[in-house]
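Participant: Here you go, one structure.
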Amino acid sequence: MSNPFLNIFKPVKINHWNLRNRIVMAPLTRGFARDEDGTVTEEIAAYYEQRAKDGVGLIITEGITPMLSGKGTYGVPGLYTDAQTASWKKVTEAVHQHGGTIIAQLWHVGRLSHSDLIGRMPQAPSPIQAEGKVHKLRKPYEMPQPMTAQEIEDVVYHFQMAARRAVLAGFDGIELHAAHGYLIDQFINERTNKREDKYGGNLQGRLRFLKEIIMAVKKEISTERIIIRFSEKKDDDASYVWNSKAETLQAYLELFRETGITILHPSTESYAADWSGEFNFHQAVRMQWEHMIIGVGDLSLERAEEAINDGVIDLAAFGRPFIANPDLVQRWTTGLPLTTYDATRHLSVLK
């Protein structure tokens, strides 16, 4: 039996959230939404309710697009229509009924989409085509259209409206997906952003888009309820690394402090992987960050407990184990064996 008195299983207060434990269900794209209108189904409500009933501390939803152009594959839910907002209420009410906490991850894929999915050419900061093929559609990525200043303003507005709808739908907070080579990250990445206006050029200019989105969503939801997910890794560019790790990380953290953000979700494929020659990514963030950190990256229960005890992270996120084990928390606390995640059986895309 796992020790139910481990720190990871103890209740914790994170800003406004009174969490039952420090275990987070990581965002996992499931593709269960109605593709024709982006509303969530009874299947999705039951999926989240089951995990809330099990006792997970915090649920971060699958990526929810704030507008149609942000959709990157089939079955992605939205949060930009009244019908979508109403459909998410079924989910939040079910989670809250079991004492759970759930936040909406807002996700725009930018150039990693296709006109077959969104009815128009994908948008990006610059006309640079991604390598590879669109998920499920299996067609090569198209050359994206560079966004005009008005289009940038429109996307920022849609993020703000999605945050407003998240509140109306009963979510306890939001996470902005600024990682993994999606639209926000495409603005930050010097390989995908060749703009010469205020949204390009140096690192501060490339971070402006994220800053404007944060400032916009703050008008709808308190800063204490906003999480930022960011990363060095790009899903479509395995070779990418930050040119200057120290300078880039410092610029991110300065932006987060300036905008009042207090919860970060640094993303990496492996929590244990060396990042700077001496520290892993989360350790490097912790050395400069005084607020909350969510750890993620193929964590085991034991490693997560160690990282919490060492003060590196405050919460620990798990992905695949939650797909294969809806009752993951109970299995850990009672000593029941875990079902091994099998991609062919537990269809999912991990973001």
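Per this note's numbering, the very first residue in the sequence shown carries number 1105; after that it's consecutive.
C-beta: ideal position from N, C-alpha, C; glycine also.
Quick caveat, the model's predicted, so the values are computed rather than measured.
Please report how far the alpha carbon of N1297 lies from the alpha carbon of G1305, in whole angstroms.
Facilitator: For the purposes of this step, residue 1297 is taken as the residue at position 193 of the sequence shown. For the purposes of this step, residue 1305 is taken as the residue at position 201 of the sequence shown. The alpha-carbon atoms of N1297 and G1305 are separated by roughly 8 Å.
Participant: R1333 lies in the beta strand (DSSP E); which residues open and close that run?
Facilitator: By 1-based counting over the sequence shown, the position of residue 1333 is 229. Segment I1330 to K1338, the beta strand (DSSP E) holding R1333.
Participant: Mind listing, in chain order, the continuous beta strand (DSSP E) runs of no fewer than 3 residues lying wholly within the stretch 1232-1288?
Facilitator: Entirely contained in the stretch 1232-1288, the beta strand (DSSP E) runs reaching 3 residues are, in chain order, 1277-1284.
Participant: Under 7 Å Cβ to Cβ from A1283, same chain only, skipping five residues before and after it: list those, please.
Facilitator: As a working note, residue 1283 is residue 179 in the sequence shown. Once the five neighbours on either side are set aside, the close Cβ partners of A1283 are D1289, R1333, F1334, S1335 and S1371.
Participant: What would DSSP say about G1204, mapped onto helix, strand or coil?
Facilitator: For the purposes of this step, residue 1204 is identified with residue 100 of the sequence shown, where counting begins at 1. Of the three classes helix, strand and coil, the one that applies to G1204 here is coil, per DSSP.
Participant: Starting from A1421 and walking both ways along the alpha helix (DSSP H), at which residues does that stretch end?
Facilitator: To locate residue 1421, count along the sequence shown from 1; it is residue 317. It is not in any alpha helix (DSSP H) - A1421 instead sits in the beta strand (DSSP E) that spans L1419 to F1422.
Participant: Rounded to the nearest angstrom, what separates K1302 and F1291 at their Cα positions?
Facilitator: Here residue 1302 refers to the residue found at position 198 of the sequence shown. Here residue 1291 refers to the residue found at position 187 of the sequence shown. Distance between the alpha carbons of K1302 and F1291 is about 11 Å.
Participant: Tell me where the beta strand (DSSP E) around N1122 begins and ends.
Facilitator: Mapped onto the sequence shown, residue 1122 falls at position 18. From DSSP, the beta strand (DSSP E) with N1122 extends over W1121 to L1123.
Participant: Which of the three DSSP states, helix, strand or coil, is assigned to L1132?
Facilitator: In the sequence shown, residue 1132 corresponds to position 28, counting from 1. Note: L1132 maps to strand in three-state DSSP.
Participant: Between which residues of its own chain and G1203 is the CB-CB distance below 7 Å, once the five residues before and five after are set aside?
Facilitator: Counting from one through the sequence shown, the residue named residue 1203 turns up at place 99. Excluding residues within five positions, the ones whose Cβ falls inside 7 Å are R1124.
Participant: Would you tell me roughly how many angstroms separate the C-alpha atoms of V1180 and R1242, rounded to the nearest one?
Facilitator: Counting from 1 along the sequence shown, the entry for residue 1180 is found at position 76. Counting from 1 along the sequence shown, the entry for residue 1242 is found at position 138. Answer to the nearest angstrom: the Cα atoms are 16 Å apart.
Participant: Going by other Cβ atoms of all chains shown within 10 Å of its Cβ, with 16 needed for buried, is H1218 buried or exposed?
Facilitator: In the sequence shown, counting from the first residue as 1, residue 1218 sits at position 114. By the 10 Å Cβ count, H1218 comes out buried.
Participant: In three-state terms, what does DSSP make of S1219?
Facilitator: Numbered from its first residue, the sequence shown carries residue 1219 at position 115. Residue state, collapsed to three classes: helix.
Participant: Look up Q1053 in the DSSP assignment and give the residues it is bridged to.
Facilitator: The question about residue 1053 has no answer, for the chain in this structure spans 1105 to 1455.
Participant: Near A1208, which residues of its chain fall below 6 Å by C-beta distance, leaving aside the five closest residues on each side in sequence?
Facilitator: Position 104 of the sequence shown, counted from the start, is the residue given in the question as residue 1208. Closer than 6 Å at Cβ, skipping near neighbours: T1165, I1168, A1270, F1275 and I1278.
Participant: Taking the alpha-carbon of T1363 as reference, which of Q1434, L1132, S1343 and I1331 has the nearest alpha-carbon?
Facilitator: Here the question's residue 1363 lines up with position 259 in the sequence shown. Among Q1434, L1132, S1343 and I1331, the Cα nearest to that of T1363 belongs to I1331.
Participant: Can you check DSSP and say which residues form a bridge with Q1209?
Facilitator: In the sequence shown, residue 1209 corresponds to position 105, counting from 1. Note: Q1209 sits in a beta bridge opposite G1167 and E1279.
Participant: Would a C-beta distance cut-off of 8 Å place A1376 and R1126 closer than the cut-off?
Facilitator: Counting from 1 along the sequence shown, the entry for residue 1376 is found at position 272. Counting from 1 along the sequence shown, the entry for residue 1126 is found at position 22. Result no, Cβ atoms of A1376 and R1126 do not sit closer than 8 Å.
Participant: How big is the Cα-Cα spacing for Q1227 and S1173?
Facilitator: Counted from its first residue, the sequence shown places residue 1227 at position 123. Counted from its first residue, the sequence shown places residue 1173 at position 69. Distance between the alpha carbons of Q1227 and S1173 is about 8 Å.
Participant: Quick one: Cα of L1314 to Cα of L1353, how far?
Facilitator: Working through the sequence shown from its first residue, we reach residue 1314 at position 210. Working through the sequence shown from its first residue, we reach residue 1353 at position 249. Cα-Cα distance, rounded: 14 Å.
Participant: Look at the Cβ atom of K1349, then the Cβ atom of S1380, and state whether they are nearer than 8 Å.
Facilitator: For the purposes of this step, residue 1349 is identified with residue 245 of the sequence shown, where counting begins at 1. For the purposes of this step, residue 1380 is identified with residue 276 of the sequence shown, where counting begins at 1. It is a contact, given that the beta carbons lie within the stated cut-off.
Participant: Could you give the DSSP three-state label for H1369: helix, strand or coil?
Facilitator: Start at 1 with the first residue of the sequence shown, and residue 1369 comes out as number 265. Correct three-state label for H1369: strand.
Participant: Can you tell me where the beta strand (DSSP E) with V1116 in it begins and where it stops?
Facilitator: Position 12 of the sequence shown, counted from the first residue, corresponds to residue 1116. From DSSP, the beta strand (DSSP E) with V1116 extends over V1116 to I1118.
Participant: Tell me whether I1112 sits in a helix, a strand or coil according to DSSP, three-state version.
Facilitator: Within the sequence shown, the letter at position 8 stands for residue 1112. Of the three classes helix, strand and coil, the one that applies to I1112 here is helix, per DSSP.
Participant: Assign D1158 to one of three DSSP states: helix, strand, or coil.
Facilitator: Locating residue 1158 in the sequence shown gives position 54, where the first residue counts as 1. The answer is helix: DSSP assigns D1158 an H, G or I state.
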